[in-house]
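In the order they appear, the protein sequences are chains A, B and C.
Sequential numbering of the first sequence, starting at 8, is according to the numbering used here.
Sequential numbering of the second sequence, starting at 8, is according to the numbering used here.
Sequential numbering of the third sequence, starting at 8, is according to the numbering used here.
We put the CB at the ideal spot given by N, CA and C, even for glycine.
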Amino acid sequence: MKKLAHFDATLLEELISIRGASGDEGKIRDFILDYIDQNKETWKAEPTILSGKGFQDAIILVFGEPKTAIFAHIDTIGFTAAYDKSLIKIGGPRAIDGMKLVGSDSQGEIETELMIIEDDEGQRNLKYVCDREIDRGTNLTFKPNFRLNNQHVQSPYLDNRLGVLNAINAAKHIENGVIVFSTYEEHGGGSVGFLGKYIYEKYGVHQALISDITWVTEGVRHGGGVAISMRDSGVPRKSYLNEIIGLANKNKIHFQLEVESAGGSDGTMLQKTDQPFDWCFIGAPEDNVHTPDEKVFISDIEDMMELYIVLMKEMN
Amino acid sequence: MKKLAHFDATLLEELISIRGASGDEGKIRDFILDYIDQNKETWKAEPTILSGKGFQDAIILVFGEPKTAIFAHIDTIGFTAAYDKSLIKIGGPRAIDGMKLVGSDSQGEIETELMIIEDDEGQRNLKYVCDREIDRGTNLTFKPNFRLNNQHVQSPYLDNRLGVLNAINAAKHIENGVIVFSTYEEHGGGSVGFLGKYIYEKYGVHQALISDITWVTEGVRHGGGVAISMRDSGVPRKSYLNEIIGLANKNKIHFQLEVESAGGSDGTMLQKTDQPFDWCFIGAPEDNVHTPDEKVFISDIEDMMELYIVLMKEMN
Amino acid sequence: MKKLAHFDATLLEELISIRGASGDEGKIRDFILDYIDQNKETWKAEPTILSGKGFQDAIILVFGEPKTAIFAHIDTIGFTAAYDKSLIKIGGPRAIDGMKLVGSDSQGEIETELMIIEDDEGQRNLKYVCDREIDRGTNLTFKPNFRLNNQHVQSPYLDNRLGVLNAINAAKHIENGVIVFSTYEEHGGGSVGFLGKYIYEKYGVHQALISDITWVTEGVRHGGGVAISMRDSGVPRKSYLNEIIGLANKNKIHFQLEVESAGGSDGTMLQKTDQPFDWCFIGAPEDNVHTPDEKVFISDIEDMMELYIVLMKEMN
C-alpha cells in the first residue's frame, strides 16, 4: 500500500531553502501558494484557497465538505539581531558555537556565524560574527544544508518543512477536508486561534490532525513508524485518540505510540482557543531537534504520509 | 434557613467512584447526564440540556432566562502510564510513595501503587508497581476511599466532585440561570473557552460563579464558612466581588473571605477567553489538597450550597 | 511639525491621581468618560462611545470608518491587602522598603508604608505598616508624587497614564480609527480578548498600535525619540512592522528601534486571541520602571504623540 506515500525530496529541499522565521512567513507563504496554483489541477479535488487580508501569512485550503483539518506550521525557529551584535532567539533554537546563519538587511545578503560568549556571571550571551552591524530586528535562520541517503534525510528545518510536505502530499488525495498552513507555532502561537475560529464557524470543523515532527526518545525510535502522540504537555481527548488509533490499526499503518510529559504544538494551542477542537499530534520522530542537523528516517515519513491519507479519507 | 442545603453523601460517594481524569471525562459526563435525566422532573424548572457534538465531554444546562452561570469542573487529576512503567502527571497530584491507583487497559482492570525512585542526580521519577506493562497512555487515578463522620468528609477527589454536587444541588432550585459542567480544568484548561463563548453568544451570559474547592490556609479555616475568594493568581473584578459579598451579607450566609497569591481555576481561564466574563471563585476550603485524603467540613459544604442557591436566585 | 503634540501636564497629573489597580478600574474609567464627554465637541470627529455592560471597565471609541486601533491600558500595578498585614502584588511592582501606599476601605482613607520582612529561610514577605488591619482584599497603590521640569516628568504610573494621555491627544485629530482603553494589562490580561473581538467582528479592525511605555535599555535611551518595538517576548509580524517604520521615516518622526527579549503588553495578549490582529508596541522609554519614580523625557512623549497622529491618519 506504500504507493500513495510519495516522499518528494526535491520539493522538501526547496521548502527548506525558503526562509520563514516566526512572524516573517511571507516568502514561504508565497512559495506554497505558487506551488498549489501550479499543481492543484492534478489533485483529486480542487480546494478553495483562503489567504491574504484577515489571514496574516497563513493559508487555508478547503476541499469539499470538510470535517477534519490538517494543521502544518510554516514558520521556523531562528534569531533576531539586536544591539551590539547580540542575538535573541525566535522560538527555541539550540545555540551551537560556530553554527552558520543567513539573512538579509538593507545592505544585502548576510552569512554569519553564531558565537557564544560567557560573561563573568556565567551568563551565556549569543553574538553574531560580522564586520558590520546588522540592521536591528533582522531575522537570521540556519543556513540550508540538505543531506539525503537511502535511509534518512538530515537538514535544518525538517521541523516543520516535513510537516508541510506531508500536508501537500495529502492534498493530492483529499476529497473532503481542510488543510491549514499556520504561522507563529515556534514562537508563542497565535494564528491557530483565528484559523481554528474561521473553519469552525464557517464549516463546523472541530477535528484537527497536527502535522509536525516529534522527538526520538526512550519510547519513540527511528524506523518505528509514524508517532501518534497520546500526550505531551497537553492531553488530547481520549475518545478522539482512540478513534485515530483504531483507524491506524484497521488500515495496517506502521505506527508507534508516544507518551511524553513535555513539548507542545499547534494542538496544545488549539485547545486554548474558544473553539471545541479535538486534536492529535501525528508525526515522524526526529533526532537533533532544533539544530541544523535534524534527522528523520524516510520510512517514518512515508508511514506518516500513509496515515494522513487514510485519516483524511475516513474522518471526512 | 439551612433546609435548602442538602448534603447528599450518597450521591457524592457515587460521583467520586466514577473515573474522569482530564481529557477522559466521558464516563462522569454520562453519569451526570443520567442523573439529570432521572431527576429533572422534580426540579423547580426543567433545563435545556446541551451536550455531545461541539461540546466535547462537557454539559450545559440552561434554565429560563439566564444571566449568571455556575461552572463546576468534572475532571480530576491523575497519571498517564508512559514507557518502562513510568508515570506522568495529569494536573498536579501530590505523589506519595505507596499511594493506590486504579485504571483499566486492554487487559482489564488495574490496581497498582505509585513508587518514587530517586536517580543519581536526585531527580524523582514516578513508577507504577505492576507485574506487567500497562498499555501506553492509560490513565490511572486515585483509588476511591470515602470516609464520613458528623464533622467532615474525607476522600480523593472532593476537588471537584463536591463542586459538582453543589451544582447539582443548586439545579433543584434554579428558575433562571446556567450550569456548566466543564472539563480539562486540572490540566491546561481549554473547555471554558468554547463553553463561555456559547453561553455568551446564545444567551448573553457573562457572569460566572466558580463552584470548586479551595485550600485551608492561614486566613481560611475549616468550619469558617464557604470561602469567597477575593483573588488568587487571578484578580476578579472588584465591582462584581462587591456585589457577591453584599448578597452574602444580606442573606446572612456564613462565609469567609480569601485573599491568596497563587492558585487558579476555571475563573482565571475564563478571563483569558475572548468573552467579557466576570467571575468569582466560591467554595468550601479543604485540607490535604490533591491527595487521596482531601478533607472538607460538612458545615462549610452546606454554607456553600446555601450561598449558591441565594446567588443564583438574586443574580438571574 | 511639533505643533500637533500637546503634552498636557495638568491632565497627566489628574490621570495619575485617580486610582485604578487591575480589576478595579471603575474610577479611572469614569474619569476618562467624563473627560471625553466634556471635550469631544472640540475634536475633529465625534466618536461613538462604547462602555458599560459587556465591556467591563473598558471603553471603546469608534471614529468614522476605522481600520486601525490604539490600545491604551488604564489599569495600574499595586498591592492587595491579605491576612495579618501582608501584601500581595497586583502585576509586577518593585517592592521598596518604606514606599508610600494609599487606598480606602470600610473605615476610610488609608495611607501606609510598605515593609519588607525577611524570614528565616530568606523569603521576603511584604507587609503594610498600620495600627489597624486593613479590610481583606483592599487595593493599595503608589501615593501620587508628580514631579516635572523642562526636560522630564517623574511620577508613579507614567506606565500607563502617559499611554492614556497619548490616546486622548490622538483622539483630537482622528477622523477614522478606534481607541480602546483596556483593563487588566498589568495582571494577567483578559480584556483585549473581548475588546479585540468586538472591533474585529463589528468593524473589521485588525491592526493595533499599543500605546504604552517601554524601558530605557542598552539600545533605547532617553531623548532618542519614541521607541518602535521590533520585538519583546512577542514577535510582531514583520510586514506590519515595516509599514509602520516606513511611515515614521516618511513623516520624519524622531524615533528609535527597540529589540528586546523580554516584556509583554496588550500586543502579546492580542496575539493570543482568536482574532487575526497585527500589533506593534510604540511608546516613549522610561527609567525606574514599576516604581514611584518612573521617569520619561518630554521630548520622547511629544515624538510619541506625533507618531500616533501620523499613523492614525495614514493607517485608517
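Best match in the options for proximity to residue i [C-alpha to C-alpha]
i	options	result
P54/A	L94/A, K259/A, E182/A	E182/A
I305/B	V233/B, D138/B, M122/B, D142/B	V233/B
G230/B	G144/B, G290/B, I97/B, R101/B	G290/B
R228/C	I252/C, D15/C, N295/C	N295/C
I84/A	L277/A, E192/A, I39/A	E192/A
I67/C	K302/C, K204/C, V160/C	K204/C
A88/A	S58/A, D44/A, R139/A	R139/A
T224/C	I217/C, I251/C, E265/C	E265/C
K302/B	H194/B, I220/B, I117/B, F288/B	I220/B
D91/B	C137/B, L57/B, E118/B	C137/B
E293/B	E120/B, W222/B, I123/B	W222/B
K150/C	Q158/C, N156/C, S162/C, V187/C	S162/C
I43/A	E32/A, D31/A, G30/A, S58/A	S58/A
S236/A	E267/A, E250/A, N256/A, Y207/A	E267/A
I175/B	K96/B, I117/B, I81/B	I81/B
I23/C	I117/C, F86/C, R154/C	R154/C
E208/C	I141/C, L40/C, K74/C, Q114/C	K74/C
F288/A	I124/A, S218/A, I252/A	S218/A
Within-9 Å CB hit, residue i to chain B
i	result
S29/C	yes
F14/C	no
Q158/A	no
E225/A	yes
A89/C	yes
Y191/C	yes
K279/A	yes
N167/C	no
S198/C	yes
I123/C	no
Short Cβ contact (9 Å threshold) for residue i with residue j
i	j	result
N152/B	A79/B	no
G200/B	T190/B	no
A28/A	A215/A	no
L318/C	L254/C	yes
R238/A	D285/A	no
F14/B	N323/B	no
V185/A	Y210/A	yes
D281/C	Q158/A	no
G241/C	H194/A	yes
L40/B	L94/B	no
Neighbour flag for residue i against chain C, beta carbons, 9 Å
i	result
S240/B	yes
T221/B	no
R143/A	yes
Q282/A	yes
Residue i in three-state terms, based on DSSP
i	result
N176/A	helix
A102/B	coil
Y338/C	Residue numbering for chain C in the displayed model covers 8 to 323; residue 338/C lies beyond these limits and cannot be assessed.
G335/C	With chain C covering 8 to 323 only, the question about residue 335/C has no answer from this structure.
A16/B	helix
Y135/A	strand
N146/C	strand
M8/A	Because the pLDDT of M8/A is 46, which lies under 50, any placement of that residue in the model is unreliable, and the question is left without a value.
Chain A within 9 Å of residue i, Cβ atoms only
i	result
Q130/B	no
A215/B	no
M8/B	At M8/B the pLDDT is 47, less than 50, meaning the model places this residue with poor confidence and gives no usable figure here.
G230/B	no
N351/B	Since the first residue of chain B shown is 8 and the last is 323, residue 351/B is not available in this structure.
T298/C	no
Chain F residues whose Cβ lies nearer than 8 Å to that of residue i
i	result
R244/C	Absent from the structure is chain F; the protein chains it does hold are A, B and C.
Segment contact flag, the segment 55–73 of chain C with the segment 266–279 of chain B, C-beta cutoff 8 Å, min 3 pairs: no
Sufficient close CB pairs (3 or more, under 8 Å) joining the segment 301–320 of chain B to the segment 256–264 of chain B: yes
Cβ pair count under 8 Å reaching 3, the segment 12–23 of chain A against the segment 150–169 of chain A: yes
Three or more C-beta pairs below 8 Å linking the segment 98–118 of chain B and the segment 135–145 of chain B: yes
Meets three-Cβ-pair contact criterion under 8 Å: the segment 29–47 of chain A and the segment 99–106 of chain A: no
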